[in-house]
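Offset between the sequence shown (1-based) and my numbering: plus 457. Think of the CB as a built atom: it goes at the ideal place given N, C-alpha and C, for glycine as much as any other residue. All values reported here derive from a predicted model rather than from experimental measurement. See structure below.
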Amino acid sequence: MAAKSEEAAHHATHLEGNNKKIALLIAVLALFLAFSETLGKSAQTNAISYNVEASNLWAFFQAKTIRMTAVRTAAESMATDLPATNDPALKATREKRVADWNATANRYDTEPETQEGRRELAARAKKTEEKRDLFMAKYHHYEFASAAFQIAIVLASATVITGVMALTFLAGGLGIVGIGFMAIGLFAPHAVHLM
Numbered sequence: 458m459a460a461k462s463e464e465a466a467h468h469a470t471h472l473e474g475n476n477k478k479i480a481l482l483i484a485v486l487a488l489f490l491a492f493s494e495t496l497g498k499s500a501q502t503n504a505i506s507y508n509v510e511a512s513n514l515w516a517f518f519q520a521k522t523i524r525m526t527a528v529r530t531a532a533e534s535m536a537t538d539l540p541a542t543n544d545p546a547l548k549a550t551r552e553k554r555v556a557d558w559n560a561t562a563n564r565y566d567t568e569p570e571t572q573e574g575r576r577e578l579a580a581r582a583k584k585t586e587e588k589r590d591l592f593m594a595k596y597h598h599y600e601f602a603s604a605a606f607q608i609a610i611v612l613a614s615a616t617v618i619t620g621v622m623a624l625t626f627l628a629g630g631l632g633i634v635g636i637g638f639m640a641i642g643l644f645a646p647h648a649v650h651l652m
């Protein structure tokens, strides 16, 4: 009888030691989960912000295109539709108006000093879209990392209840996978294309 109670005490001590290790594993996994969730939320917020900025730039580009088209149409119309005149003052006024409208249309097309011409707006919008895409890629990797950490925590918790140590090893492996996804999100978000 004494041998059985000594064996039971040894088994209980062994389980308690394993449970402490599993609890530590769960705490570490939860820490990394918190990091991946924080990084993911930040990346998602940046992606949304850059998406809004890109949309605004493209809308500004479209407005400039409409204005440029309207001004060019007016200039072409005045240059071709009005009857010829012998009045030098009227002719000079028309030519000046056409030249001004053409200059305005050219300014709408490119305005390097303000970066608000169509060409500059398109370039800015494309750069902003690249930033958006970068942060979306980061976000997706952080989401996969979070999922891996969450599943690992569940598996490690199940080990405490079932005593099946294989679940702990599986949880540790998923934790490593989660760390891998976090690293990809941080350092090389375009290296692996998941979405």
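Under a three-way DSSP split, which group does residue i fall into?
| i | result |
| --- | --- |
| residue 501 | helix |
| residue 577 | helix |
| residue 568 | coil |
| residue 537 | helix |
| residue 620 | coil |
| residue 469 | Annotation note: pLDDT 49 at residue 469 (below 50); position unreliable, coordinate value reported separately. DSSP places residue 469 in helix when its eight states are reduced to three. |
| residue 651 | coil |
| residue 625 | helix |
| residue 545 | helix |
| residue 480 | helix |
| residue 645 | coil |
| residue 529 | helix |
Do you know whose CA, among the options, lies nearest residue i's CA?
| i | options | result |
| --- | --- | --- |
| residue 505 | 590, 544 and 551 | 590 |
| residue 600 | 556, 509, 501 and 616 | 501 |
| residue 580 | 518, 488, 493 and 484 | 518 |
| residue 583 | 550, 642, 516 and 648 | 516 |
| residue 585 | 507, 480, 478 and 491 | 507 |
| residue 511 | 548, 587, 475 and 597 | 587 |
| residue 597 | 651, 625 and 554 | 651 |
| residue 563 | 607, 553 and 575 | 575 |
| residue 532 | 554, 514, 612 and 509 | 554 |
| residue 556 | 529, 513, 544 and 625 | 529 |
Buried or exposed for residue i, going by 16 or more other Cβ atoms inside 10 Å?
| i | result |
| --- | --- |
| residue 639 | buried |
| residue 534 | exposed |
| residue 523 | exposed |
| residue 620 | exposed |
| residue 622 | exposed |
| residue 647 | exposed |
| residue 595 | buried |
| residue 610 | buried |
| residue 488 | exposed |
| residue 577 | buried |
| residue 592 | buried |
| residue 468 | Note that residue 468 scores 49 on pLDDT, short of 50, meaning its location in the model is unreliable; the coordinates nonetheless yield the value given after this. That one is exposed. |
| residue 542 | exposed |
| residue 628 | buried |
If residue i sits next to residue j, beta carbons under 8 Å apart, how far is it from one beta carbon to the other, in whole angstroms?
| i | j | result |
| --- | --- | --- |
| residue 642 | residue 605 | Wrong, their Cβ atoms sit about 12 Å apart, outside the cutoff. |
| residue 654 | residue 493 | Beyond the ends of the chain as shown, which are 458 and 652, falls residue 654; an answer cannot be given. |
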